[in-house]
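Asker: One structure is given below, represented as structure tokens, and several questions about it will come after.
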């Protein structure tokens, strides 16, 4: 058992089966909350006889389900495993049946969306009765297959983009110390961008850099975060605090030892961000140069602008207007 699985299992205080206490509950900025609609509901027996178990005991039901699977009766095997878990959730056979159901969906059925749901259920309700590390790794592989399948059938950027992103988020939460988690978080950030939520993507990238500093994924996250910040800045340019925050970030990135390509991009982005904030400052100065304002307020505004941007692109225009105002005042 690896360290991250041992820590997660040691944190469990509820009896099995039971949801939710066997993985990290730390806040993950940029992720959807697993409370409410994203929580894993416990399976319950069906209301009708045909949805219930065929056999009288969980051991016999498990044998029946395996027999159905051996005969390649996928639908019957799926129903039999499902009925066992719902009818006898605390029986030792329940965890075995739940894993068998997940493996069936992953292998023979190749329904990766359903397979992900079943592996997730196994970790949430039977974490102490399965090989946690192995199932968490399979959960990650299933999430990647979900994304690959989605690209093949071209469902991006429709609703399933969100489902796939949430799958990767679930992996991160359930295996925070696994070696593939930083990579999974990169995917979450990328999917946030595909959804058009660049500010949420920035939160994911920043969290990744803080949690897994020094990793190759953190370096990639820094580049993607810089590009995402510039996207947000271009979409919302008239925000001085955002401009200043972006400039500070880009300067920090310049100190991180970027490669030549990234360094060139940072230089260009810094010039762009500085130009935006200078434009905003010049527009603010011109605001005071109107019929509704006094000449002295306009002079003060242009003087403040020139003190801050003496060599800016609007400096000559500001000096000329300032000189005119000063002469008029005399």
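Numbering (the numbering used here), first residue to last: 5 to 334.
For every residue, glycine included, the Cβ atom is placed at its ideal position computed from N, Cα and C.
In this text the structure is predicted, and so the values were computed from the model without any measurement.
By DSSP, does residue 166 sit in helix, in strand, or in coil?
Answerer: helix
Asker: What residue range does the alpha helix (DSSP H) around residue 114 cover?
Answerer: Looking at the DSSP string, residue 114 is not in any alpha helix (DSSP H), and its letter there is neither H nor E.
Asker: How long is the line joining the alpha carbons of residue 133 and residue 101, rounded to whole angstroms?
Answerer: Spanning the alpha carbons of residue 133 and residue 101 requires a straight line of approximately 12 Å.
Asker: Distance check for residue 316 and residue 310, CA to CA, integer angstroms please.
Answerer: 8 Å
Asker: Looking at C-beta atoms only, is the number of pairs between the stretch 50-61 and the stretch 84-95 that lie closer than 8 Å three or more?
Answerer: Because the criterion of three Cβ pairs below 8 Å is met, the stretch 50-61 and the stretch 84-95 touch.
Asker: Do residue 98 and residue 126 count as a contact pair if the criterion is CB distance below 7 Å?
Answerer: Going by C-beta atoms, residue 126 is not nearer than 7 Å to residue 98.
Asker: Please classify residue 160: does DSSP put it in a helix, a strand, or coil?
Answerer: Per-residue confidence for residue 160 stands at a pLDDT of 48, beneath the threshold of 50, marking its modelled position as unreliable; no derived number is given.
Asker: Please name the residue, chosen from 242, 205, 238, 142, that lies closest to residue 226 on a Cα-to-Cα basis.
Answerer: 205
Asker: Find out if the Cβ-Cβ distance for the pair residue 147, residue 171 is shorter than 7 Å.
Answerer: yes
Asker: Taking a contact to mean a Cβ-Cβ separation below 7 Å, would you say residue 270 touches residue 257 in this structure?
Answerer: yes
Asker: At the level of alpha carbons, what is the spacing between residue 264 and residue 82?
Answerer: 54 Å
Asker: Could you tell me the boundaries of the alpha helix (DSSP H) in which residue 255 lies?
Answerer: Counting along the chain, the alpha helix (DSSP H) containing residue 255 begins and ends at 244-258.
Asker: Work out the CA separation of residue 165 and residue 199 for me, nearest whole Å.
Answerer: 7 Å
Asker: By a C-beta neighbour count over all protein chains shown, 10 Å radius and 16 as the cutoff for buried, is residue 178 buried or exposed?
Answerer: buried
Asker: Could you give the DSSP three-state label for residue 136: helix, strand or coil?
Answerer: helix
Asker: Are the Cβ atoms of residue 123 and residue 142 separated by less than 7 Å?
Answerer: Yes, Cβ-Cβ distance for residue 123 and residue 142 is below 7 Å.
Asker: Going by the beta-carbon positions, is the gap between residue 187 and residue 152 smaller than 7 Å?
Answerer: no
Asker: Determine the DSSP secondary structure at residue 92, reduced to helix, strand or coil.
Answerer: Under the three-state reduction of DSSP, residue 92 is assigned to coil, being neither helix nor strand.
Asker: Only counting the same chain, and skipping five residues up and downstream in sequence, which positions put a Cβ closer than 8 Å to that of residue 281?
Answerer: 244, 247, 248, 251
Asker: I believe residue 192 touches residue 56 by the beta-carbon criterion, under 8 Å. Please report the beta-carbon distance rounded to the nearest angstrom.
Answerer: Their Cβ separation, rounded to whole angstroms, is 39 Å, which puts residue 192 and residue 56 out of contact at 8 Å.
Asker: Comparing alpha-carbon positions, which option in 289, 168, 302, 212 lies nearest residue 313?
Answerer: 289
Asker: Would you please state the rounded distance, in angstroms, between the beta carbons of residue 253 and residue 233? I believe it to be under 8 Å.
Answerer: 6 Å
Asker: To the nearest angstrom, report how far apart residue 285 and residue 230 are at their CA atoms.
Answerer: Each residue's alpha carbon lies about 23 Å from the other.
Asker: If you draw a straight line from the alpha carbon of residue 322 to that of residue 308, how long is it in whole angstroms?
Answerer: 10 Å
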